[in-house]
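For what it's worth, the numbering used here labels the leading residue of the sequence shown as 27, then goes sequentially.
Every residue, glycine too, gets a C-beta built ideally from N, C-alpha and C.
No experiment lies behind these values; they were computed from the predicted model shown.
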Amino acid sequence: MKNEVVTQKQQEQGMQWLDVAYGQAIKGIGLGDTSVEKMAGDYLAKYSSAEEACKAMLKNQVKKCTSSGVITGFGGFTTLPFTLPLNVTSVLYMQMRMIACTAYLAGYSSSSDQTETLVLACLVGEPLTQVAKQAGVKLGTRVATNAIKKIPGRTLTKINQAIGCRFITKFGTKGIVNLGKAVPLIGAGVGGAFDYFGTRTIADRAYKAFFEGRW
27 MKNEVVTQKQ QEQGMQWLDV AYGQAIKGIG LGDTSVEKMA GDYLAKYSSA
77 EEACKAMLKN QVKKCTSSGV ITGFGGFTTL PFTLPLNVTS VLYMQMRMIA
127 CTAYLAGYSS SSDQTETLVL ACLVGEPLTQ VAKQAGVKLG TRVATNAIKK
177 IPGRTLTKIN QAIGCRFITK FGTKGIVNLG KAVPLIGAGV GGAFDYFGTR
227 TIADRAYKAF FEGRW
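Structure (structure tokens):
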């Protein structure tokens with residue numbers, strides 16, 4: 027939010043939205059969607075390595091995110107402090123599934139709090155090291171997988187608040203008119219070109235993060 031301070035309550039509301047969305051994404055609620063684990067297993071059955079499976083999955087998901095219509099069935103979102111248009115929510119949902127599947131293929135448990143934090147940091151476009159720094163947590167530029175999986179709950183909470191802040195900041199000037207009310211946010215038109223380049227960037231970021239440790 028330009029020239030505005032994101033309050034702690036707004037950070038928490040942003041993280042609340044993301045948390046519900048993540049839960050929906052890993053279990054799969056779109057037509058024909060399965061759990062992230064099943065999705066990853068389908069790709070692993072077709073390729074000789076997790077790396078090859080992931081690259082194929084990312085390519086397909088970028089294409090799907092660009093060409094698919096809105097996804098219905100986001101029941102849990104009606105209880106949140108604000109809403110996003112279905113087309114925007116659909117894109118974020120598919121991007122979240124793509125990142126979560128990447129994490130699972132790289133050996134992360136999709137149900138762990140640590141993995142959720144990493145997926146969401148990747149989604150909002152903020153390097154983990156930078157998000158952690160904003161939260162007062164110091165991490166090296168290359169973080170070992172085992173170290174990430176052992177990040178304590180208190181530290182995760184701080185990082186999650188920073189992620190929530192980033193989420194609100196990213197979308198705030200484009201439509202979060204009044205946090206606390208269920209209002210439509212962001213313009214209705216999210217074009218295919220925007221979806222493609224945005225999702226492609228996230229796909230590249232996810233692979234580098236989870237497979238190469240470049241956070």
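Compute the distance between the beta-carbons of residue i and residue j, then report whether it is under 8 Å.
| i | j | result |
| --- | --- | --- |
| Cys127 | Ala66 | yes |
| Thr225 | Gln121 | yes |
| Gln50 | Tyr119 | yes |
| Leu84 | Ala229 | yes |
| Ala158 | Gln187 | no |
| Val163 | Lys184 | yes |
| Trp241 | Thr155 | yes |
Hey, how far is the Cα of residue i from the Cα of residue j?
| i | j | result |
| --- | --- | --- |
| Tyr48 | Ile194 | 16 Å |
| Val62 | Gly54 | 7 Å |
| Gln36 | Leu44 | 12 Å |
| Val32 | Arg231 | 26 Å |
| Thr115 | Ala79 | 26 Å |
| Ala20 | Gly40 | Given a span of 27 to 241 for the chain in the structure shown, any question on residue 20 remains unanswerable. |
| Tyr222 | Thr92 | 5 Å |
| Phe236 | Ala76 | 11 Å |
| Val145 | Ile177 | 14 Å |
| Gln42 | Asn113 | 19 Å |
| Asp59 | Arg180 | 33 Å |
| Lys234 | Val88 | 16 Å |
| Lys28 | Val46 | The predicted model places Lys28 with a pLDDT of 48, which falls under 50 and marks its position as unreliable; any figure quoted below should be read in that light. Approximately 26 Å, taken between the alpha carbons. |
| Asp68 | Gln34 | 41 Å |
| Arg192 | Gly151 | 9 Å |
| Lys72 | Val117 | 26 Å |
Determine the closest residue to residue i out of the options, with distance taken between C-alpha atoms.
| i | options | result |
| --- | --- | --- |
| Thr141 | Lys53, Leu182, Gln87 | Leu182 |
| Cys148 | Tyr69, Gly58, Met124 | Met124 |
| Ser74 | Gln39, Leu131, Ala51, Asp59 | Leu131 |
| Gly239 | Gln160, Pro153, Gly179, Gln187 | Pro153 |
| Lys90 | Leu144, Gly56, Arg180 | Gly56 |
| Glu38 | Thr155, Lys234, Gly190 | Gly190 |
| Ile52 | Leu112, Asp139, Val150, Asn86 | Asp139 |
| Lys64 | Gln34, Arg192, Ser136, Gly151 | Ser136 |
Quick check on the DSSP output: the alpha helix (DSSP H) that includes residue i runs from which residue to which?
| i | result |
| --- | --- |
| Lys90 | 76-93 |
| Ile125 | 112-131 |
| Thr155 | 154-160 |
| Val163 | Taken as a continuous stretch (DSSP letters only), Val163 belongs to no alpha helix (DSSP H), as it is neither H nor E. |
| Lys35 | 34-53 |
| Tyr69 | 62-70 |
| Asp59 | Where Asp59 is concerned, there is no enclosing alpha helix (DSSP H), given that its DSSP letter is neither H nor E. |
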